[in-house]
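In the order they appear, the protein sequences are chains A and B. Each residue of the first sequence is one higher than the one before, counting from 1 in our numbering. Each residue of the second sequence is one higher than the one before, counting from 1001 in our numbering. The beta-carbon is built from N, C-alpha and C at its ideal position, and this holds for glycine as well.
Number of protein chains: 2
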Amino acid sequence: MNATLIALAEPNRLRIVELLREKPCPVGEIAKRLRLRQPQVSKHLRVLSDAGLVDVRPVAQQRIYELRSAPFDELDKWLETFRRSMTYRMDRLDDLISERKAKKEREKQRGD
Amino acid sequence: MNATLIALAEPNRLRIVELLREKPCPVGEIAKRLRLRQPQVSKHLRVLSDAGLVDVRPVAQQRIYELRSAPFDELDKWLETFRRSMTYRMDRLDDLISERKAKKEREKQRGD
DNA sequence: GAAGAATATGCCTTGACAGGCATATTCTTC
DNA sequence: GAAGAATATGCCTGTCAAGGCATATTCTTC
């Protein structure tokens, strides 16, 4: 769970994942489409792989990366428990009010 | 979205969020229950607040922190589109592969 | 088996960030 | 208004991870 979040937190890795959401992709194409250097892409894919977010499949010299669904299912379950415990805050108005208060607080403390 | 993930990626912050899932909580109690130093807790809460994950409500000298639902709703939406495109992808996986091969063949024969 | 394509890895540098601690700030109570 | 509780902030340090680059590795094709 935490591993999944850590892997997804890095901006370029998130971009890679969102690209892979469309379709499986070889390293070179990822690098090209996201305008990243190939070594960095390989490293990011390594991290994603270690976290269980992607699978690799070799085709000739290429390596096709694709998303695994398991971690996303987990994340979904985790979110579900959250939704349950937060349903009592359904009214938007209450949210907006406390939001305004918090913002004021922050400004005040910064001496703005 | 990315901000939410970054905020959640830090292990102790994740613990704080999971604690707040139960009920709103003042800083001191968070520190005590998670066995963290108060300043670190305040700093983590600052990050969570900046990311819009929590709200603050002052009560006497205490500050009660509570989760906001909006970011989790967003995360949920994001995940939903993900699941959609992943099942779609799974169905068409083989098609995409042979498609790619065919494209390569064509490029090759053109002398690319 | 030599050349070249696609990818992975190792080393280095730098920036960001979490923890520790002291201290400032805010609020209450007397 | 002084004392003390609850919290925030500033500074310092160490660590870790991402980017850059060179190079190793693997596979294909001739």
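Cβ-based burial, residue i [other Cβ within 10 Å; buried from 16]
| i | result |
| --- | --- |
| Thr1004 of chain B | buried |
| Lys1077 of chain B | exposed |
| Lys23 of chain A | buried |
| Ala1007 of chain B | buried |
| Pro71 of chain A | buried |
| Arg1035 of chain B | exposed |
| Arg1068 of chain B | buried |
| Leu1075 of chain B | buried |
Minimum Cβ-Cβ distance from residue i to chain B less than 8 Å
| i | result |
| --- | --- |
| Arg83 of chain A | yes |
| Leu53 of chain A | no |
| Glu74 of chain A | no |
| Asn2 of chain A | yes |
| Ser42 of chain A | no |
| Arg37 of chain A | no |
| Arg21 of chain A | yes |
| Leu113 of chain A | Shown here, chain A extends from 1 to 112; a query on residue 113 of chain A therefore has no answer. |
Neighbour flag for residue i against chain A, beta carbons, 8 Å
| i | result |
| --- | --- |
| Glu1029 of chain B | no |
| Asp1014 of chain B | One point to set straight first is that residue 1014 of chain B is Leu, not Asp, in the sequence displayed. It does; some Cβ of chain A falls within 8 Å. |
| Pro1011 of chain B | yes |
| Ile1006 of chain B | yes |
| Leu1067 of chain B | yes |
| Leu1079 of chain B | yes |
In DSSP terms, what residue i is bridged to
| i | result |
| --- | --- |
| Val54 of chain A | A:Leu67 |
| Gln62 of chain A | A:Val59 |
Residue span of the alpha helix (DSSP H) that contains residue i, given as start and end
| i | result |
| --- | --- |
| Lys32 of chain A | 27-34 |
| Pro24 of chain A | Element bounds for Pro24 of chain A: n/a, residue is neither H nor E. |
| Ala1009 of chain B | 1002-1009 |
Original post:
So does the region 1014-1028 of chain B actually touch the region 1041-1059 of chain B, counting three or more Cβ pairs closer than 8 Å?
Top reply: yes
Subject >> Touching by the beta-carbon criterion (3+ pairs, under 8 Å), the region 7-16 of chain A and the region 40-48 of chain A >> reply: yes
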